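Chemist: Structure incoming, see below.
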Amino acid sequence: MTIRFKTAALVSMLVFASALPALSAAQAQTAIEVPRSKEQIKLSFSPLVKRTAPAVVNIYTKRTVTGYAHPFAADPFFAPFFREDVFGGSMRKQIESALGSGVIVSSDGLVVTNAHVVRAAEAITVGLADGREFDAKLVLKDDPSDLALLRIGPVEENLPTIPLKPSESLEVGDMVLAIGNPFGVGQTVTSGIVSAQGRSSLDINDFNFFIQTDAAINPGNSGGALVDLDGRLVGINTAIYSRDGGSLGIGFAIPSEMVASVIAAADAGQSGDNAVIRPWLGVTAQNVTSDIAESLGMKRPQGALIADLNMASPLRKAVRLSPSAKGEKGREGLMVGDVILSCNGKAIQTPSEMKFRMATVPVGSKARIEIMRQGRRLEYEFEAMAPPDNPPRRQITLKGDHILKGAVIANLNPAVAVELGMDDGEQGVVIMETSSAGFAGRVVRMGDILLEINGRKINDTGDVEKALASKNVRGLSITIKRAGQIQRIMLR
Numbered sequence: 001m002t003i004r005f006k007t008a009a010l011v012s013m014l015v016f017a018s019a020l021p022a023l024s025a026a027q028a029q030t031a032i033e034v035p036r037s038k039e040q041i042k043l044s045f046s047p048l049v050k051r052t053a054p055a056v057v058n059i060y061t062k063r064t065v066t067g068y069a070h071p072f073a074a075d076p077f078f079a080p081f082f083r084e085d086v087f088g089g090s091m092r093k094q095i096e097s098a099l100g101s102g103v104i105v106s107s108d109g110l111v112v113t114n115a116h117v118v119r120a121a122e123a124i125t126v127g128l129a130d131g132r133e134f135d136a137k138l139v140l141k142d143d144p145s146d147l148a149l150l151r152i153g154p155v156e157e158n159l160p161t162i163p164l165k166p167s168e169s170l171e172v173g174d175m176v177l178a179i180g181n182p183f184g185v186g187q188t189v190t191s192g193i194v195s196a197q198g199r200s201s202l203d204i205n206d207f208n209f210f211i212q213t214d215a216a217i218n219p220g221n222s223g224g225a226l227v228d229l230d231g232r233l234v235g236i237n238t239a240i241y242s243r244d245g246g247s248l249g250i251g252f253a254i255p256s257e258m259v260a261s262v263i264a265a266a267d268a269g270q271s272g273d274n275a276v277i278r279p280w281l282g283v284t285a286q287n288v289t290s291d292i293a294e295s296l297g298m299k300r301p302q303g304a305l306i307a308d309l310n311m312a313s314p315l316r317k318a319v320r321l322s323p324s325a326k327g328e329k330g331r332e333g334l335m336v337g338d339v340i341l342s343c344n345g346k347a348i349q350t351p352s353e354m355k356f357r358m359a360t361v362p363v364g365s366k367a368r369i370e371i372m373r374q375g376r377r378l379e380y381e382f383e384a385m386a387p388p389d390n391p392p393r394r395q396i397t398l399k400g401d402h403i404l405k406g407a408v409i410a411n412l413n414p415a416v417a418v419e420l421g422m423d424d425g426e427q428g429v430v431i432m433e434t435s436s437a438g439f440a441g442r443v444v445r446m447g448d449i450l451l452e453i454n455g456r457k458i459n460d461t462g463d464v465e466k467a468l469a470s471k472n473v474r475g476l477s478i479t480i481k482r483a484g485q486i487q488r489i490m491l492r
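The following block contains the structure:
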């Protein structure tokens, strides 16, 4: 069967070919011979790699960690046998090294990488593609976006860079290159396509909006470049989906729009940990389902449905541009039930995309949004504002003779919530830091909301101080809210 099928196919091919102009023997031979040199192969990424690879760097970090000198020392049963007076110390300080990649984005030595690459680093070294190495200074680290900026130098000459290009110019199926330092083997280039845009629900950073690619990305590629065929930076490689740590062809990159916003923050003088100031919306949004779309007169599910709106939200003060709101009292501003469809002309399909698009709007600037309200498309303009620090946070370190001593607490407000990556609708008192809280630091965590202490309801930091000022507070009954779950903790 197979032989006959091939024979039949060959006959039909020859018949079809007979209708074509006759080829000379030399032409026929050239059409089927193996290429003798790379010049005969038309498709090559080498010109693109030569332009972009010099701007991709290796990043090496070091930090001091404390670990157990013996593997059984951390076990509660064996711990007494590994006390300091028996074996000269069961804990040992060690130097931990890590590696990643980065991209030079300005010729004077500004490098962008992932925040997780340089997290807790005490020393950072940047290795250029030409073999030179420089000590690097951390300019800005932004955990919400998982991006960080480093400064190297001074350098005597302009360094190679990769210019940024909006990732929205990409289409699914476009070819891209991933450049980085996987497993520390040295600079490596892989190719693939854009597998998806706007991939969300990955819990990699606070914005959950990524480019997906099948270009091979492995450990060590974090912070490396994702470039298009024009040699422009469209994303920073940040994570992979893998069961064994190797590439399965499912990699994710942070879009260049977010990279540009972090660079702009540094240019504006913002520096340090989580110093990027982004617009605050004061909105809780949800996906638009098919049923919701139908009830709102929408042709298909799209956008972000406003489920809750903070009373101080700038969206409540948005001004309608079209159609005119003249004669419609109380219709100025957005409201619960509106569906946000776009921001500054960029379509919004999901709440994650809304959060991403809004995060790239500079604070203090005007932004235009299109919404759907009761079957009508309306356009509004609002001024992007920083999260309000109101009510006053009154951040304090707890003192006294109790087991919460040393914990740092603050009144929750939108600014505090944004800092901690929490829902800005939360109220009460939150744990900000526990590093100096002794034993309690092992029980309560940063982000825990204090609801009650020994039966006393907690509304602000003053309530906490009063509850802990009572006699006999060595034993505490604390009710907290952690990740949406209510828990009661007994501390003796």
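Residue numbers (this note's numbering): 1 to 492.
The C-beta atom is built at its ideal place from N, Cα and C for all residues, glycine as well.
Predicted model only: the values in this text are computed from it and were never measured.
Grab the span of the alpha helix (DSSP H) containing residue 382 for me, first residue to last.
Modeler: First-last for residue 382: 376-383, but that is the beta strand (DSSP E), not the alpha helix (DSSP H).
Chemist: Evaluate contact between the region 96-106 and the region 53-66, counting only Cβ atoms and requiring at least three cross-stretch pairs below 8 Å.
Modeler: With the cut-off at 8 Å, the region 96-106 and the region 53-66 touch.
Chemist: Residues in the same chain with beta-carbon distance under 8 Å from residue 202, minus the five sequence neighbours each way, listed in chain order, please.
Modeler: Closer than 8 Å at Cβ, skipping near neighbours: 208, 210, 239, 252.
Chemist: So what does DSSP say about residue 317, is it helix, strand or coil?
Modeler: Of the three classes helix, strand and coil, the one that applies to residue 317 here is helix, per DSSP.
Chemist: Would residue 167 and residue 235 be called neighbours here (beta carbons separated by less than 8 Å)?
Modeler: Taking 8 Å as the Cβ cut-off, residue 167 and residue 235 qualify as a contacting pair.
Chemist: Assign residue 387 to buried or exposed, taking buried as 16 or more other Cβ atoms, counted over all protein chains shown, within 10 Å of its Cβ.
Modeler: Per the 10 Å Cβ criterion, buried.
Chemist: In the structure shown, what three-state DSSP assignment does residue 458 receive?
Modeler: Note: residue 458 maps to coil in three-state DSSP.
Chemist: Quick one: using the 10 Å Cβ neighbour count with 16 as the cut-off for buried, is residue 319 buried or exposed?
Modeler: It is exposed - the Cβ of residue 319 has fewer than 16 other Cβ atoms within 10 Å.
Chemist: With distances taken from CA atoms, which of 229, 139, 176 is nearest residue 269?
Modeler: If we check each option's Cα against that of residue 269, 139 comes out closest.
Chemist: Using the C-alpha atoms, what's the distance from residue 152 back to residue 170?
Modeler: Taking the straight line from one Cα to the other gives about 31 Å.
Chemist: Ordered along the chain, which non-local residues of its own chain (more than five positions away) have a Cβ less than 7 Å from that of residue 173?
Modeler: For residue 173, where only same-chain residues beyond five positions count, the Cβ hits under 7 Å are 193, 194.
Chemist: Should the region 276-284 be called in touch with the region 221-228, which here means at least 3 C-beta pairs below 8 Å?
Modeler: Touching, no.
Chemist: Just reading off the beta strand (DSSP E) that residue 188 is part of, what are its end residues?
Modeler: Per DSSP, residue 188 belongs to the beta strand (DSSP E) from 188-199.
Chemist: Mark residue 241 as exposed unless 16 or more other C-beta atoms lie within 10 angstroms of its C-beta, in which case mark it buried.
Modeler: Residue 241 should be labelled exposed.
Chemist: Tell me residue 212's beta-bridge partners as DSSP assigns them.
Modeler: DSSP output for residue 212 lists 196, 252 as bridge partner(s).
Chemist: Mapping the DSSP letters down to three states, classify residue 277 as helix, strand or coil.
Modeler: Looking at residue 277 - three-state DSSP - the assignment turns out to be coil, as it is neither helix nor strand.
Chemist: Per DSSP, residue 142 is paired with what?
Modeler: Looking at the DSSP assignment, residue 142 forms a beta bridge with 147.
Chemist: Alpha carbon to alpha carbon, what distance is there between residue 352 and residue 200?
Modeler: Residue 200 and residue 352: Cα-Cα distance of roughly 7 Å.
Chemist: Looking at C-alpha atoms only, which residue of 453, 197, 342, 424 is the closest neighbour of residue 255?
Modeler: It is 197 whose Cα lies nearest to the Cα of residue 255.
Chemist: May I have the straight-line CA-CA distance separating residue 428 from residue 46, to the nearest angstrom?
Modeler: Distance between the alpha carbons of residue 428 and residue 46: 58 Å.
Chemist: Take residue 488 as the anchor and find which of 249, 453, 419 has the nearest alpha-carbon.
Modeler: Of the listed residues, the one whose Cα sits closest to residue 488 is 453.
Chemist: Among the residues of its own chain, which have a CB less than 6 Å from the CB of residue 338, if the five just before and after it don't count?
Modeler: So the list reads 306, 371, 373, once near-sequence residues are dropped.
Chemist: For the alpha helix (DSSP H) containing residue 292, name the first residue and the last one.
Modeler: Unbroken alpha helix (DSSP H) run through residue 292: 290-295.
Chemist: Can you tell me the Cα-Cα spacing of residue 61 and residue 124, whole angstroms?
Modeler: Those two C-alpha atoms are separated by around 5 Å.
Chemist: Identify which residue in 415, 432, 434, 431 has its Cα closest to the Cα of residue 425.
Modeler: When each option's Cα is compared against that of residue 425, the closest is 415.
Chemist: Leaving out five residues on either side along the sequence, give the residues of the same chain with a beta carbon under 6 Å from the beta carbon of residue 290.
Modeler: Counting only Cβ-Cβ distances below 6 Å, and skipping sequence neighbours, we find 301.
Chemist: Mind checking whether residue 321 and residue 334 have CB atoms under 8 Å apart?
Modeler: Contact flag unset, no.
Chemist: Quick one: Cα of residue 205 to Cα of residue 459, how far?
Modeler: Each residue's Cα considered, the two are about 30 Å apart.
Chemist: Taking only the alpha-carbon atoms, compute the straight-line gap between residue 434 and residue 419 and give it to the nearest angstrom.
Modeler: Rounded to whole angstroms, residue 434 to residue 419 spans 16 Å at the Cα level.
Chemist: Under the assumption that residue 400 contacts residue 468 (Cβ atoms under 8 Å), give the Cβ distance between them as a whole number of angstroms.
Modeler: The pair is a contact, with the Cβ atoms about 6 Å apart (cut-off 8 Å).
Chemist: I need the boundaries of the alpha helix (DSSP H) containing residue 51, first residue and last residue.
Modeler: Run containing residue 51: 46-52, per the alpha helix (DSSP H) assignment.
Chemist: Cβ of residue 413 within 8 Å of Cβ of residue 389?
Modeler: In contact: residue 413 and residue 389 (Cβ atoms closer than 8 Å).
Chemist: Under the three-state reduction of DSSP, which class applies to residue 180: helix, strand or coil?
Modeler: Strand.
Chemist: Can residue 111 and residue 147 be called in contact, C-beta distance under 8 Å?
Modeler: The answer is no: Cβ separation not under 8 Å.
Chemist: So the candidates are 280, 395, 137; which of them puts its Cα closest to the Cα of residue 311?
Modeler: Nearest option by C-alpha distance: 280.
Chemist: For residue 181 and residue 190, which I take to be in contact (beta-carbon distance under 8 Å), what is that distance rounded to the nearest angstrom?
Modeler: Not quite, the Cβ-Cβ distance comes to about 12 Å (not below 8 Å), so this is no contact.
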